[in-house]
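*Asks:* Below are the structure tokens for one structure; questions will follow.
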Amino acid sequence: MKSGLVIYASDRQPLVNFYVHVFELVVRESEEDYTALISGDFELVVIQAPAAYMNSVTIENPPQARESTPIKPVFFTTEPLADLRARIQSMGGQCNLPEQEWSFNDHVVCDGWDVEGNIFQMCLLKKSLT
19 MKSGLVIYAS DRQPLVNFYV HVFELVVRES EEDYTALISG DFELVVIQAP AAYMNSVTIE
79 NPPQARESTP IKPVFFTTEP LADLRARIQS MGGQCNLPEQ EWSFNDHVVC DGWDVEGNIF
139 QMCLLKKSLT
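Numbering of the sequence shown is given in our numbering, commencing with residue 19 and proceeding in unit increments.
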């Protein structure tokens, strides 16, 4: 089974650039109002949100974590979180500090948010630390 996620964006291209550069997703398909990104069995579709929806949403600069969203995508990695943190910040996102990382199911876990404040989680397998 494949898995996927759809994110509605106020400005699609910066969000696409973020996920391509930070998580090394590849553009599978792109049209005027959406871009489909893939990595293995995962697909992320970024859709340009309708103007009526965007009138009710405020995107801060720099982005603030939009914590009222009840879902959080998780990206599993073998790359050090410090490296990901640097790439996230270079692409306009933010990430919690190393002191805010925690352990869960043999992973080191940290939250971050993209250029529109969508929160995601990074999970580094502890075996990758050795």
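Note that the Cβ used here is the ideal one computed from N, Cα and C, for glycine as well.
What does the Cβ neighbour count give for Trp120, buried or exposed, with the cut at 16 atoms within 10 Å?
*Replies:* Counted from its first residue, the sequence shown places residue 120 at position 102. By the 10 Å Cβ count, Trp120 comes out exposed.
*Asks:* Grouping DSSP H, G and I as helix and E and B as strand, with all else coil, what is Gln139?
*Replies:* Position 121 of the sequence shown, counting from 1, holds the residue named residue 139. If DSSP states are grouped into helix, strand and coil, Gln139 belongs with the strands.
*Asks:* Name the DSSP bridge partner or partners of His125?
*Replies:* Numbered from its first residue, the sequence shown carries residue 125 at position 107. Answer is Phe122 and Leu143.
*Asks:* Please report the straight-line C-alpha distance between Gly58 and Ala100, rounded to a whole angstrom.
*Replies:* Here residue 58 refers to the residue found at position 40 of the sequence shown. Here residue 100 refers to the residue found at position 82 of the sequence shown. When rounded, the distance between both Cα atoms is 23 Å.
*Asks:* Once you ignore the five residues that flank Phe122 on each side, which residues in its own chain have a CB closer than 8 Å to its CB?
*Replies:* Looking up residue 122 in the sequence shown gives position 104. Excluding residues within five positions, the ones whose Cβ falls inside 8 Å are Cys141.
*Asks:* If you run the structure through DSSP and keep just helix, strand and coil, what is Arg46?
*Replies:* Within the sequence shown, the letter at position 28 stands for residue 46. Strand at Arg46.
*Asks:* When the Cα atoms are used, what is the spatial distance from Arg46 to Gln82?
*Replies:* Sequence index remark: in the sequence shown, residue 46 carries index 28 (1-based). Sequence index remark: in the sequence shown, residue 82 carries index 64 (1-based). The straight-line gap from Cα to Cα measures roughly 29 Å.
*Asks:* Looking only at its own chain, which residues have a Cβ that is under 8 Å from the Cβ of Tyr71, when we skip the five neighbours before and after it?
*Replies:* If you number the sequence shown from 1, residue 71 lands on position 53. The answer, listed in chain order, is Tyr26.
*Asks:* Once the 5 residues before and after Ala67 are set aside, which same chain residues still bring their CB inside 7 Å of it?
*Replies:* As a first step, residue 67 is located in the sequence shown; it is residue number 49 there, counting from the start. Once the five neighbours on either side are set aside, the close Cβ partners of Ala67 are Tyr26, Ala27 and Ser28.
*Asks:* In chain order, what residues of the same chain have a beta carbon less than 6 Å from the beta carbon of Arg103, not counting five sequence neighbours either side?
*Replies:* As a working note, residue 103 is residue 85 in the sequence shown. Cβ within range, chain order: Cys113.
*Asks:* Where does Glu61 fall in DSSP's three states?
*Replies:* For the purposes of this step, residue 61 is taken as residue 43 along the sequence shown, with counting starting at 1. Looking at Glu61 - three-state DSSP - the assignment turns out to be strand.
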